[in-house]
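Note sheet for the following structure.
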Amino acid sequence: MNIIKNKTGWIEVICGSMFSGKTEELIRRVHRAEYARQQIQVFKPVIDNRYDEDHIVSHNLMKAPSQIVANAHEILDLLKKDTQVVAIDEVQFFNDDIVDVCNQIANMGKRVIVAGLDQDYTGKPFGPMPNLLAVAEYIDKLCAICVKCGNPANRTQRLSRQKDKIVVGAADIYEARCRDCHEVLE
31 MNIIKNKTGW IEVICGSMFS GKTEELIRRV HRAEYARQQI QVFKPVIDNR YDEDHIVSHN
91 LMKAPSQIVA NAHEILDLLK KDTQVVAIDE VQFFNDDIVD VCNQIANMGK RVIVAGLDQD
151 YTGKPFGPMP NLLAVAEYID KLCAICVKCG NPANRTQRLS RQKDKIVVGA ADIYEARCRD
211 CHEVLE
């Protein structure tokens, strides 16, 4: 993204509903950085164990090797000095410390790419995403296709009646819905 050849870092946020292609886009950017022979580290939260323990994996099974972290500060502990690009998937599962960690890494002159849900299953802002969106230099909001009507979907419909804010799952528990077709189940 940036053409300035000095110690300028930045934050890129890829957000949207489930099934919108967030992880796929993150992996695409990681692969492009690999082609450019940049040093990359990819991280994901320990809670995301849906497809693979040591890879980030999109719903269409694209994958990239990753390191598992229990919290945001662990990313700083694992960060290598020569790393140029830091990618973090499922960023909504971290607490607000992730915003400070991303800023610290960008301030070191590194490119930070994060991907995650911007809304929870009720349609409300999810975890640290609003604050990440506020500090990011670049933002891409992706839409899926509503499974009910075919319109652009920016909401995640939970199919179960579980009330926990975080319930890890895929098509077995969630589907993409547009604003009109999304409903919060009681």
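Taking the working numbering, I'd label the letters of the sequence shown as residues 31 to 216. Glycine residues also receive a C-beta, built at the ideal position from the N, C-alpha and C atoms.
Which residue marks the beginning of the beta strand (DSSP E) containing residue i, and which one marks its end?
{"i": "Lys93", "result": "Lys93 to Pro95"}
{"i": "Ala166", "result": "Element bounds for Ala166: n/a, residue is neither H nor E."}
{"i": "Ile203", "result": "Taken as a continuous stretch (DSSP letters only), Ile203 belongs to no beta strand (DSSP E), as it is neither H nor E."}
{"i": "Gln187", "result": "Arg185 to Arg188"}
{"i": "Val115", "result": "Val115 to Ile118"}
In whole angstroms, what separates the C-alpha of residue i from that of residue j?
{"i": "Leu162", "j": "Gln68", "result": "24 angstroms"}
{"i": "Glu42", "j": "Val144", "result": "6 angstroms"}
{"i": "Asn133", "j": "Leu189", "result": "35 angstroms"}
{"i": "Ile77", "j": "Asp119", "result": "11 angstroms"}
Against chain B, does residue i count as a neighbour if the rule is that its beta carbon must be under 7 angstroms from one of theirs?
{"i": "Lys171", "result": "The chain labelled as chain B is not found in the depicted structure, where only one protein chain is given."}
At which residues does the alpha helix (DSSP H) containing residue i begin and terminate?
{"i": "Ala102", "result": "Ala102 to Leu108"}
{"i": "Leu147", "result": "Per DSSP, Leu147 belongs to no alpha helix (DSSP H); it is in the beta strand (DSSP E), Arg141 to Leu147."}
{"i": "Asp130", "result": "Asp127 to Asn137"}
Any idea if residue i is buried or exposed, counting beta-carbon neighbours within 10 angstroms, 16 or more meaning buried?
{"i": "Asp84", "result": "exposed"}
{"i": "Val121", "result": "buried"}
{"i": "Cys179", "result": "exposed"}
{"i": "Lys74", "result": "buried"}
{"i": "Glu213", "result": "exposed"}
{"i": "Lys52", "result": "buried"}
Practice prompt. Evaluate the contact criterion for the region 55-64 versus the region 114-131: three or more CB pairs, one atom per stretch, below 8 angstroms.
Written response: yes
Worksheet item: Can at least three beta-carbon pairs, one atom from the region 85-102 and one from the region 174-185, be found at a separation below 8 angstroms?
Response: no
Worksheet item: If you pair each beta-carbon of the region 147-155 with each one of the region 126-137, do three or more pairs fall below 8 angstroms?
Response: no
Discussion item. Count Cβ pairs between the region 50-61 and the region 101-109 that sit closer than 8 angstroms; are there 3 or more?
Written reply: no
Discussion item. Suppose only complete runs of 3+ residues qualify. What are the beta strand (DSSP E) ranges in the region 47-91, listed by chain order?
Written reply: 70-75 and 85-87
Discussion item. Does the contact criterion of 3 or more C-beta pairs under 8 angstroms hold for the region 43-57 versus the region 199-215?
Written reply: yes
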